[in-house]
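One structure below.
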Amino acid sequence: MPYEEAGREGGGTDPGGAMGTPQSGAGPDGQAADGHADEHAAEGEGRHADWLELFFDLVFVALAAQLSHRLHGDPDLRDFAVFLGLYFPPWWLWINLLVSTNLFVDNSARRRLLMLSAMLCIAVMACAVPEADTDRGSVYALGYAGTRLVLLGLWWPATRYPEPQRVPRWRPLSYCLASGLLWAASAAVPAPWQYAVWAVLIAAEMALLLTARGRGLPGRLDTGHIVERVGLFVIIVLGESVIALVTSADHAWTPRAGVVGVLGFVLLAALWWSYFDFGSTSAELMLAKADDRQAYLLARDVDGFLHFFVTAGVLCMAAGLATAVEEADHARLPTGAVWALAGGLALYHAAHAGIALRYGRSPASVAVWAVPGIGFPLLVVWAAGHLTPWLVVMLLAAEPIAHLLYARRMLRHRLGTAAAPRP
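One gets this note's numbering by counting positions in the sequence shown from 1 and adding 1267 to each.
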């Protein structure tokens, strides 16, 4: 991972209490039922994902499976473009809901009903994903529209907060209500114009967020909670990759399929190890030491935008691994499957390079690990026409293992240098 200087030896990290017991009510979080944060929560202390948030995230398990399945087999350029286009809207909704639940913490029936409604809307989108670029586009749009109306319900009470925490009414009316109504109207637009409308609406939402630059937030983001929830989402997409390996091995029950499955698991385990030993730790440290506005900007860029590519890369790898297991007895992998697997790994590292640069790392220090991390998978793509499926997966598994060993070696070197007595 790109943040080896921030890692911890032995057993990984617990970003923002990610492995702690979730809080089930308002009391442990220090929050009143009306959604106002108390002094401790405003300072971003000790909050964890609650049971509702964990249940809500389950719908993204289904969504991840639907999206990854679109890339099984031999996807072409259009398939990859459609995958990214269908993945970003629900990811964008998840980020918006994450910020909302981060700022407005309560255990009221109202909040539960709103979040469950959002969960149902995203489930509708997940059902539409297999044919969202053809017959089910209108259903996909209506699911998105419903979730934006849920966001309106979550944000509207903040328009009645006392100054200076009060949110201007025009913000949720434009960002949530107007957007939701326009998305609903897009259901009546025929394809392919419908997709252009979606792109314009998403761009408008992003523009509103980028121009706000953190102004008008009713409090400080709980950075530990942000890191924890994003880490849990990474677990979701890694979990989809494991599921893909298992189900594909069931379909192709041969010794070679077993070998490819084991190699694929090693690849995923190395990614997990490096992400949670180094990546999430660095995020927690960088966000915790930033002031309110800078913490918002870092969270927006790193978690809102760049982690889209991190998770998209893992979902691509999930599809590529599934195909590699199923095609293990063939002489070569389909070109599209190689791109899903190796290209997904390259995208994963490229996104982390962007994160490291956003955190202020020097380009030279980032290039040390980013160039081989991106270049080696692309080299495997170039050579894949001469490689068997198990060899493709073995080479790609070797890269994150080497990356992890390098990061741990650099960490031990820094710890040793820091502990050495000075003359």
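Heads up, the beta-carbon is just placed ideally off N, CA and C, and yes, glycines get one too.
{"Asked": "Identify the continuous alpha helix (DSSP H) that holds A1591 and give its terminal residues.", "Found": "1574–1593"}
{"Asked": "Looking only at its own chain, which residues have a Cβ that is under 7 Å from the Cβ of W1423, when we skip the five neighbours before and after it?", "Found": "P1439"}
{"Asked": "When DSSP labels each residue in this structure, what does E1495 get in the three-state scheme?", "Found": "helix"}
{"Asked": "Return the chain-ordered ranges of every alpha helix (DSSP H) run that is complete within the segment 1374–1436 and spans a minimum of 4 residues.", "Found": "1376–1395, 1404–1422"}
{"Asked": "Threshold first: 4 residues or longer. Then list the alpha helix (DSSP H) segments lying entirely within the segment 1632–1676, N to C.", "Found": "none"}
{"Asked": "If we count the other Cβ atoms within 10 Å of its Cβ and call it buried at 16 or more, is W1460 buried or exposed?", "Found": "exposed"}
{"Asked": "Please state whether the Cβ-Cβ distance between P1342 and A1598 is less than 9 Å.", "Found": "no"}
{"Asked": "Check E1306 in the structure and name its three-state DSSP category.", "Found": "Residue placement at E1306 cannot be trusted, given a pLDDT of 40 that sits under 50; what the coordinates show is reported in the next sentence. Looking at E1306 - three-state DSSP - the assignment turns out to be helix."}
{"Asked": "Give the range of the alpha helix (DSSP H) segment to which L1542 is assigned.", "Found": "Reading off the sequence, residue 1542 comes out as Tyr, not Leu. Element bounds for Y1542: n/a, residue is neither H nor E."}
{"Asked": "Between N1374 and T1414, what straight-line distance do the alpha-carbon atoms span, to the nearest angstrom?", "Found": "19 Å"}
{"Asked": "To the nearest angstrom, report how far apart G1410 and L1600 are at their CA atoms.", "Found": "36 Å"}
{"Asked": "Going by the beta-carbon positions, is the gap between L1370 and A1425 smaller than 9 Å?", "Found": "yes"}
{"Asked": "Give, in chain order, every unbroken run of the alpha helix (DSSP H) that is at least 4 residues long and sits entirely within the segment 1429–1475.", "Found": "1446–1453"}
{"Asked": "Which residue comes first and which comes last in the alpha helix (DSSP H) that contains H1619?", "Found": "1611–1625"}
{"Asked": "Taking 9 Å as the threshold (C-beta atoms), are V1497 and D1402 in contact?", "Found": "no"}
{"Asked": "Should S1547 be labelled buried (16 or more other beta-carbon atoms within 10 Å of its own) or exposed?", "Found": "buried"}
{"Asked": "Alpha carbon to alpha carbon, what distance is there between L1678 and M1392?", "Found": "43 Å"}
{"Asked": "In its own chain, which residues sit with a C-beta less than 8 Å from the C-beta of L1444, not counting the 5 before and 5 after it?", "Found": "R1415, L1416, L1419"}
{"Asked": "How about G1491 and A1555: do their beta carbons lie closer than 9 Å?", "Found": "yes"}
{"Asked": "For M1473, tell me which candidate among R1427, S1632, P1356, S1367 has the shortest Cα-Cα distance.", "Found": "P1356"}
{"Asked": "Got a sec? Which residues, its chain only, sit under 8 Å from P1397 by beta carbon, not counting five neighbours each side?", "Found": "Q1333, H1336, R1337, R1403"}
{"Asked": "Excluding the 5 residues preceding and the 5 following R1628 in the sequence, name in chain order all residues of the same chain whose CB lies nearer than 6 Å to its CB.", "Found": "none"}
{"Asked": "How many Å lie between G1528 and V1659 at the Cα?", "Found": "12 Å"}
{"Asked": "So, using beta-carbon positions, are L1565 and Y1626 closer together than 9 Å?", "Found": "yes"}
{"Asked": "For V1326, which three-state DSSP category applies?", "Found": "helix"}
{"Asked": "Can you check which of these residues, A1631, L1663, T1655, is closest to L1645 by C-alpha distance?", "Found": "L1663"}
{"Asked": "For H1492 and chain D, any beta-carbon pair shorter than 9 Å?", "Found": "This model lacks chain D altogether; it includes just one protein chain."}
{"Asked": "Taking 9 Å as the cut-off, decide whether the C-beta atoms of I1493 and D1324 are in contact.", "Found": "no"}
{"Asked": "When the Cα atoms are used, what is the spatial distance from A1399 to A1537?", "Found": "34 Å"}
{"Asked": "Please return the same chain residues whose Cβ sits closer than 8 Å to the Cβ of A1408, not counting the five positions on each side in sequence.", "Found": "W1450, A1451, S1453, A1454, Q1461, W1465"}
{"Asked": "Which residue marks the beginning of the alpha helix (DSSP H) containing G1340, and which one marks its end?", "Found": "Counting along the chain, G1340 falls outside any alpha helix (DSSP H), and DSSP gives it neither H nor E."}
{"Asked": "Is the beta carbon of L1351 within less than 8 Å of some heavy atom of the ligand NAP?", "Found": "Inclusion of the ligand NAP in the displayed structure is not the case, the ligand content being empty and no account of it being possible."}
{"Asked": "Compute the beta-carbon to beta-carbon distance between L1468 and S1446, rounded to the nearest angstrom, for a pair I have assumed lies under 8 Å.", "Found": "6 Å"}
{"Asked": "For H1518, which three-state DSSP category applies?", "Found": "helix"}
{"Asked": "What's the gap between the Cα of L1330 and the Cα of L1387?", "Found": "12 Å"}
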